[in-house]
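Numbering (this note's numbering), first residue to last: 20 to 278.
Positions of the beta carbon are idealized from the N, C-alpha and C atoms, including for glycine.
The structure presented is a predicted model; accordingly, all values stated were derived computationally and were not measured.
Following: one structure in structure tokens, then a few remarks.
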Ligand code: DAK
């Protein structure tokens, strides 16, 4: 049987997706994109899951789109590849549960864009990040030009995109690109700890918080506040909000059911 390029592991309401093509630094080729899409739909459909982690096998998170494969593509093939890539990024962004990027090594080009499409990023102290597309005569095509500028501001995003340089993990932390750095051996346990905290919170509340934040990034303040108030009110019709508040008053741990 052929080796799986994307591994999916589920435990305690948390799914871990591992990009598993270490011999090519987990570069994204058409077959990897298809497996990644299948893994995302499996996770999206599994109602027992509350959070996910995305990481890479070996010394890279993902070193970008597969340059060797792209160099031999016809225009039609490149178009189809771009469309499948966009489908994968869109599925990642629309995942109904939060996903944490655990950047264990190189996150370059499409690989950094993958991490940027996650809810937040933890990185190993040995990670290196960058958008080298312009050095290949390309531009980031999976949302990187937008998401990076929003996260770290246009000046630093321009520096990364225009020079194509890679930055080390400490710089990524200082720039606010990643939330925390961990010892390589501690990266996955720390990501799991965060995922488990998310999994223990009210699922409806987690979903509403993500929705309110995403909506607020795209709209004016009045509209965003009205939307937030609507979601806040809606949660009061859920059993979980009642349970969460009752548990606090009764000094016990809440038991959330997702209702
Ligand atoms: N593609 C294909 N193979 C890659 C690869 C990549 N991106 N990155 C690494 N590999 C392969 C290497 O060729 C090598 O294979 P063998 O020679 O062993 O067969 C193996 O992985 C190990 O890599 P190295 O020997 O190079 O390892 P080093 O430690 O020496 O160097 C490195 C690590 C990460 C510095 C280096 O491998 C590197 O510079 N890699 C390329 C990084 C890069 O430029 N990434 C950006 C790719 S462009 C689109 C939207 C978006 C995109 C495309 C289309 N559309 C909407 C249409 C995105 C584009 C990109 O991501």
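Name the DSSP beta bridge partners of residue i, please?
| i | result |
| --- | --- |
| residue 28 | 35 |
| residue 80 | In DSSP, residue 80 forms no bridge with anything. |
| residue 122 | 142 |
| residue 246 | In DSSP, residue 246 forms no bridge with anything. |
| residue 148 | 126, 186 |
| residue 73 | 36, 120 |
| residue 199 | 141 |
| residue 47 | 84 |
Could you give the C-beta distance for residue i and residue j, rounded to a whole number, given that I count them as a contact under 8 Å?
| i | j | result |
| --- | --- | --- |
| residue 63 | residue 114 | 6 Å |
| residue 211 | residue 33 | 6 Å |
| residue 217 | residue 151 | With 8 Å as the limit, residue 217 and residue 151 do not qualify as a contact, their Cβ atoms being about 32 Å apart. |
| residue 163 | residue 132 | 4 Å |
Give the single residue among the options whose Cα lies nearest to the Cα of residue i.
| i | options | result |
| --- | --- | --- |
| residue 262 | 273, 254, 269, 253 | 273 |
| residue 223 | 278, 111, 109 | 278 |
| residue 121 | 181, 75, 40 | 75 |
| residue 226 | 26, 138, 167, 153 | 138 |
| residue 86 | 181, 49, 111, 109 | 49 |
| residue 65 | 264, 28, 247, 22 | 28 |
| residue 43 | 125, 239, 213 | 125 |
| residue 181 | 190, 205, 203, 153 | 153 |
| residue 36 | 94, 123, 89, 98 | 123 |
| residue 6 | 248, 228, 21, 111 | Residue 6 is absent from the model: the chain starts at 20 and stops at 278. |
| residue 237 | 202, 166, 175 | 166 |
Is the beta carbon of residue i less than 9 Å from the beta carbon of residue j?
| i | j | result |
| --- | --- | --- |
| residue 81 | residue 59 | no |
| residue 148 | residue 186 | yes |
| residue 54 | residue 103 | no |
| residue 129 | residue 160 | yes |
| residue 250 | residue 269 | no |
| residue 188 | residue 207 | no |
| residue 100 | residue 79 | no |
| residue 91 | residue 45 | no |
| residue 39 | residue 26 | yes |
| residue 179 | residue 107 | no |
| residue 259 | residue 221 | yes |
| residue 95 | residue 89 | no |
| residue 219 | residue 275 | yes |
With hydrogens ignored, establish whether the beta-carbon of residue i is closer than 8 Å to any heavy atom of the ligand GDP.
| i | result |
| --- | --- |
| residue 87 | The model on display carries the ligand DAK but not the ligand GDP. |
Validate contact between the segment 61-76 and the segment 32-50 using beta carbons, cut 8 Å, 3 pairs: Output reads yes: the segment 32-50 touches the segment 61-76.
Cβ contact (3+ pairs, closer than 8 Å) linking the segment 248-257 and the segment 131-150: Under the 8 Å Cβ criterion, the segment 248-257 does not count as touching the segment 131-150, having fewer than three qualifying pairs.
Three CB pairs or more closer than 8 Å across the segment 190-204 and the segment 160-172: The answer is yes - the segment 160-172 touches the segment 190-204, with three or more Cβ pairs under 8 Å.
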